[in-house]
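Number of protein chains: 4
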Amino acid sequence: MENKRITDLFAESLDQNCDLSEKQKAILRSSLELFAEQGFTKTNTSQIAQKAGVAEGTVYRRFKTKDEILAAILAPLTGQVVNALVEDFTQHRFDVEYVTLRDFLRAVVENRMHFVNENYKVIKVFISQALFQQQLVQTLMGEFQKALQENLFLTLKNLKQRELLVDWPDPRIFQFMAGTVVTFLLRVLFMGPQDVEAEIEMTLDFLEKGLSPE
Amino acid sequence: MENKRITDLFAESLDQNCDLSEKQKAILRSSLELFAEQGFTKTNTSQIAQKAGVAEGTVYRRFKTKDEILAAILAPLTGQVVNALVEDFTQHRFDVEYVTLRDFLRAVVENRMHFVNENYKVIKVFISQALFQQQLVQTLMGEFQKALQENLFLTLKNLKQRELLVDWPDPRIFQFMAGTVVTFLLRVLFMGPQDVEAEIEMTLDFLEKGLSPE
Amino acid sequence: MENKRITDLFAESLDQNCDLSEKQKAILRSSLELFAEQGFTKTNTSQIAQKAGVAEGTVYRRFKTKDEILAAILAPLTGQVVNALVEDFTQHRFDVEYVTLRDFLRAVVENRMHFVNENYKVIKVFISQALFQQQLVQTLMGEFQKALQENLFLTLKNLKQRELLVDWPDPRIFQFMAGTVVTFLLRVLFMGPQDVEAEIEMTLDFLEKGLSPE
Amino acid sequence: MENKRITDLFAESLDQNCDLSEKQKAILRSSLELFAEQGFTKTNTSQIAQKAGVAEGTVYRRFKTKDEILAAILAPLTGQVVNALVEDFTQHRFDVEYVTLRDFLRAVVENRMHFVNENYKVIKVFISQALFQQQLVQTLMGEFQKALQENLFLTLKNLKQRELLVDWPDPRIFQFMAGTVVTFLLRVLFMGPQDVEAEIEMTLDFLEKGLSPE
DNA sequence: AATGAATGAGTCTTCATTCAT
DNA sequence: CATGAATGAAGACTCATTCAT
Chain X
1 MENKRITDLF
11 AESLDQNCDL
21 SEKQKAILRS
31 SLELFAEQGF
41 TKTNTSQIAQ
51 KAGVAEGTVY
61 RRFKTKDEIL
71 AAILAPLTGQ
81 VVNALVEDFT
91 QHRFDVEYVT
101 LRDFLRAVVE
111 NRMHFVNENY
121 KVIKVFISQA
131 LFQQQLVQTL
141 MGEFQKALQE
151 NLFLTLKNLK
161 QRELLVDWPD
171 PRIFQFMAGT
181 VVTFLLRVLF
191 MGPQDVEAEI
201 EMTLDFLEKG
211 LSPE
Chain A
1 MENKRITDLF
11 AESLDQNCDL
21 SEKQKAILRS
31 SLELFAEQGF
41 TKTNTSQIAQ
51 KAGVAEGTVY
61 RRFKTKDEIL
71 AAILAPLTGQ
81 VVNALVEDFT
91 QHRFDVEYVT
101 LRDFLRAVVE
111 NRMHFVNENY
121 KVIKVFISQA
131 LFQQQLVQTL
141 MGEFQKALQE
151 NLFLTLKNLK
161 QRELLVDWPD
171 PRIFQFMAGT
181 VVTFLLRVLF
191 MGPQDVEAEI
201 EMTLDFLEKG
211 LSPE
Chain W
1 MENKRITDLF
11 AESLDQNCDL
21 SEKQKAILRS
31 SLELFAEQGF
41 TKTNTSQIAQ
51 KAGVAEGTVY
61 RRFKTKDEIL
71 AAILAPLTGQ
81 VVNALVEDFT
91 QHRFDVEYVT
101 LRDFLRAVVE
111 NRMHFVNENY
121 KVIKVFISQA
131 LFQQQLVQTL
141 MGEFQKALQE
151 NLFLTLKNLK
161 QRELLVDWPD
171 PRIFQFMAGT
181 VVTFLLRVLF
191 MGPQDVEAEI
201 EMTLDFLEKG
211 LSPE
Chain L
1 MENKRITDLF
11 AESLDQNCDL
21 SEKQKAILRS
31 SLELFAEQGF
41 TKTNTSQIAQ
51 KAGVAEGTVY
61 RRFKTKDEIL
71 AAILAPLTGQ
81 VVNALVEDFT
91 QHRFDVEYVT
101 LRDFLRAVVE
111 NRMHFVNENY
121 KVIKVFISQA
131 LFQQQLVQTL
141 MGEFQKALQE
151 NLFLTLKNLK
161 QRELLVDWPD
171 PRIFQFMAGT
181 VVTFLLRVLF
191 MGPQDVEAEI
201 EMTLDFLEKG
211 LSPE
């Protein structure tokens, strides 16, 4: 299922990365924990080494600098994940799968909420860094825009043609959908994982109402 | 206008604070600038002093620690601002001013967008701190909840009674409205100030549609 | 009486010093308090100013440096006081006054104990400085030796001639007498002023026994 | 010989402390040297590092703060030493060893003079700190009192029974003996190590005379 | 004369990074 | 490969001293 593909991003990403030894994986896992808990700058390399159960020198065998650890953690986000995130909308399935607008909205929003729930630590670290590094956002957004164009927007076009969706510009529609996920993200970031099931129906009520054709 | 009350928070806060000398204000201004640009930990006190045009020791005359500078910058946010942010909705005006749902939504959303546009630097610094300091969010949210209860939710009740607003729980309605502002905020944070006028009407279209009575 | 002359050295010294304004005296008084409480290096000029009730700049009007304050406090010790300390033994009085060895010992020891009791703060500051400044001790000892030669040792000679005192070298006799005062001083330094009357008789018992002719 | 047990405290303490590396011992040695020469506050960490031949950061690997270095230097004084200092007087030996009062006095005073001579730097640092930290004295004195009660005072009792010692209260007798050592200490502190042999006999003459039974 | 804000050299301390073992 | 002691550059903070008002 596509659900699988986009959840638990970090653990999977570690497992797939075969050129990392067990210790090196431990280092990244520990780093993520600490960065998410205290922030990047407040975390020092001795804490990382200790939590990973290795010597401080060992950290520097694979990662030449502390920044390289951060990069290794954020890499999946800017790499394969963006694709996974929009991959749901490949043309071949929307006719069959999205019979109603709500079906479509549910697929998109629910999946992203789960993604947020399961990867909020990486996201937290990413955001804290992106706030002060324009380039991080640029890169991610560039990838994202392209992927949106080639996938989500095609689906939107299809829905509009079938008169299941209001006839507004694609970016605007995307923005409103994203808004509900972002709101959910904020709650997760500041209060920990939330119950998706408890949120999803009311969110769909609102989006369906706001995005139905006039 | 109430518009004035909630915009350009930091500048106003500096002006009103009479127990700050010109140099001390310069220090806070420079600090905000640098914190928003590079983050708190990446900014060192010599940069602050240099940018403010004072000696490093001068920074420490008024502010005993670097953290105290940060606190002085964030103080207005958790203090007067929360109240100002919800103060607009005092009972005595909604009958007169908010003839339609769109009137109400416009007042709320437009004002918040302007606020975001003009104070995004303080907000950026606040968020970067709040990500790793639960307490900051707790405090702000505590204040915010109370203020919402006593102001916005009363207005919502009134609108529902007049059948101008869908009959959903107050927090859910607030969440959707906030979602659009938060989305706007993200754009401002990562790409700088945006054009409110260009955004507002389409946002209102969406909210009005999604929040009208069934 | 000579008792008066050597007690409460510091206050008297301040009063006699007519070229000091009231504020300047307050500065010295506060400094002594603080130096005796926390030590010289742990006391900063702002504390001195605050305790004296003046501005920090005022401190530097009369005293060019912090060290100069210290010097002004210790000056009496190396100046007039040494003389006062040995002045008791001027030749013209010992025949009359010191009928017995115990009379003599009592005069010397009791007076010094009172002196210690009433000036222990200055002494404390002096010792803490002298520990790391050979020169301070050199100066004081130089003065002291000379004064001893010209006064105390003459008395000792007289006592020996009258066969009231053991026939040991003068410096050795002085050393034993001083030893009892030094022991008293230590108690005062570390535990605050002591009861002289409670100590004096037993001390005299010991000294009289140890210094009587064989 | 018991002589060994109480002399050259600091060097012995370093050697016995196996959890200190050579560099760490060098740091403590250099620190003691500098503290004794200039005082604690006037000595900075870069001086310590330089004198020890290590980098400044190395100082802070083992000792978290500058104060911790001081504590590490003074630790032996308040710990093992007090016991060693009074341990000489265990009951089983005084009958045999101290045939005369002078034997006893010689053992006590001579040993302490040697101790003072060989450890005056630590003592100097201790005193400079104790002057402004009551607690240091409290701790040391508490230990000392107890040890005196259980050792020295027993010996005094025995000597009195054998009518070799004047029948005065124990603390008073101790005070007079200590007085001669303290006087010796002062000379060492302010003028460097002294010749014990040259002092001891005349000191014993005096003490023996002053403390013999009437 | 008095003030107290301003100064900046100097201190303690941290921590990313290196390297001999 | 792994270790962890060693490094030293850099940062937060202090405080004696100056000077315009």
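Chains as they are written, first to last, in full-length UniProt numbering: chain X, 1 to 214; chain A, 1 to 214; chain W, 1 to 214; chain L, 1 to 214.
The C-beta atom is built at its ideal place from N, Cα and C for all residues, glycine as well.
Tell me the residue span of the alpha helix (DSSP H) that contains residue i.
{"i": "X/D19", "result": "X/D19 -> no alpha helix (DSSP H), and no H or E assigned at all."}
{"i": "A/Q47", "result": "45 to 52"}
{"i": "X/G179", "result": "170 to 191"}
{"i": "X/G79", "result": "Counting along the chain, X/G79 falls outside any alpha helix (DSSP H), and DSSP gives it neither H nor E."}
{"i": "W/E118", "result": "101 to 130"}
{"i": "A/D205", "result": "196 to 211"}
{"i": "W/R61", "result": "56 to 62"}
Quick check: what's the CA-CA separation for residue i versus residue j?
{"i": "L/A36", "j": "X/A36", "result": "48 Å"}
{"i": "W/M177", "j": "L/V116", "result": "21 Å"}
{"i": "W/N158", "j": "W/E150", "result": "13 Å"}
{"i": "X/W168", "j": "A/V188", "result": "22 Å"}
{"i": "L/F10", "j": "L/A72", "result": "10 Å"}
{"i": "X/L204", "j": "X/F190", "result": "23 Å"}
{"i": "L/A75", "j": "L/F126", "result": "10 Å"}
{"i": "L/S46", "j": "L/I69", "result": "13 Å"}
{"i": "A/G79", "j": "X/F153", "result": "43 Å"}
{"i": "L/F40", "j": "X/K42", "result": "32 Å"}
{"i": "A/V108", "j": "X/E12", "result": "43 Å"}
{"i": "W/Q104", "j": "W/K209", "result": "Going by the sequence as given, residue 104 of chain W is Phe instead of Gln. Cα-Cα distance, rounded: 14 Å."}
{"i": "A/G142", "j": "A/F63", "result": "27 Å"}
Nearest to residue i by alpha carbon, out of the options?
{"i": "X/M202", "options": "X/V116, X/R106, X/L154", "result": "X/R106"}
{"i": "X/Y120", "options": "A/D170, A/L131, A/V116", "result": "A/L131"}
{"i": "A/I123", "options": "A/L186, A/D170, A/Q145, A/V109", "result": "A/L186"}
{"i": "W/D195", "options": "W/L189, W/L74, W/M113", "result": "W/M113"}
{"i": "W/Y98", "options": "W/A26, W/G39, W/T155, W/S21", "result": "W/T155"}
{"i": "L/S21", "options": "L/V59, L/Q47, L/Q145", "result": "L/V59"}
{"i": "L/L165", "options": "L/F144, L/K146, L/L211", "result": "L/L211"}
{"i": "A/N44", "options": "A/D67, A/N17, A/K160, A/A26", "result": "A/D67"}
{"i": "X/A198", "options": "X/K146, X/E110, X/S128, X/Q145", "result": "X/E110"}
{"i": "W/G192", "options": "L/F144, L/F153, L/G142, L/V137", "result": "L/V137"}
{"i": "W/V82", "options": "W/F144, W/E12, W/S13", "result": "W/F144"}
{"i": "X/T100", "options": "X/Q161, X/E118, X/I48", "result": "X/Q161"}
{"i": "X/S30", "options": "X/E118, X/L14, X/A49", "result": "X/A49"}
{"i": "X/R61", "options": "X/E33, X/K23, X/L77, X/L34", "result": "X/K23"}
{"i": "L/T65", "options": "L/L28, L/N17, L/E163", "result": "L/L28"}
Can you confirm whether residue i, when its beta carbon is compared against all beta carbons of chain A, has any partner nearer than 8 Å?
{"i": "X/S128", "result": "yes"}
{"i": "X/V82", "result": "no"}
{"i": "X/G142", "result": "no"}
{"i": "X/F104", "result": "no"}
Between residue i and chain L, is any beta-carbon pair separated by less than 8 Å?
{"i": "W/G210", "result": "yes"}
{"i": "W/F206", "result": "yes"}
{"i": "W/V182", "result": "yes"}
Could one say the Cβ of residue i lies closer than 8 Å to chain W's Cβ atoms, at least one of them?
{"i": "L/M202", "result": "yes"}
{"i": "L/F132", "result": "yes"}
{"i": "L/A198", "result": "no"}
{"i": "L/K42", "result": "yes"}
{"i": "L/Q91", "result": "At L/Q91 the pLDDT is 49, less than 50, meaning the model places this residue with poor confidence and gives no usable figure here."}
{"i": "L/L186", "result": "yes"}
Quick check: residue i and residue j, are their CB atoms within less than 8 Å of each other?
{"i": "L/L207", "j": "L/T180", "result": "yes"}
{"i": "X/K140", "j": "X/F174", "result": "What sits at residue 140 of chain X in the sequence shown is Leu, not Lys. No, the Cβ-Cβ distance between X/L140 and X/F174 is not below 8 Å."}
{"i": "W/A55", "j": "W/A26", "result": "no"}
If we define contact as Cβ-Cβ less than 8 Å, is residue i a contact residue for chain X?
{"i": "A/L34", "result": "no"}
{"i": "A/L189", "result": "yes"}
{"i": "A/G179", "result": "yes"}
{"i": "A/R172", "result": "yes"}
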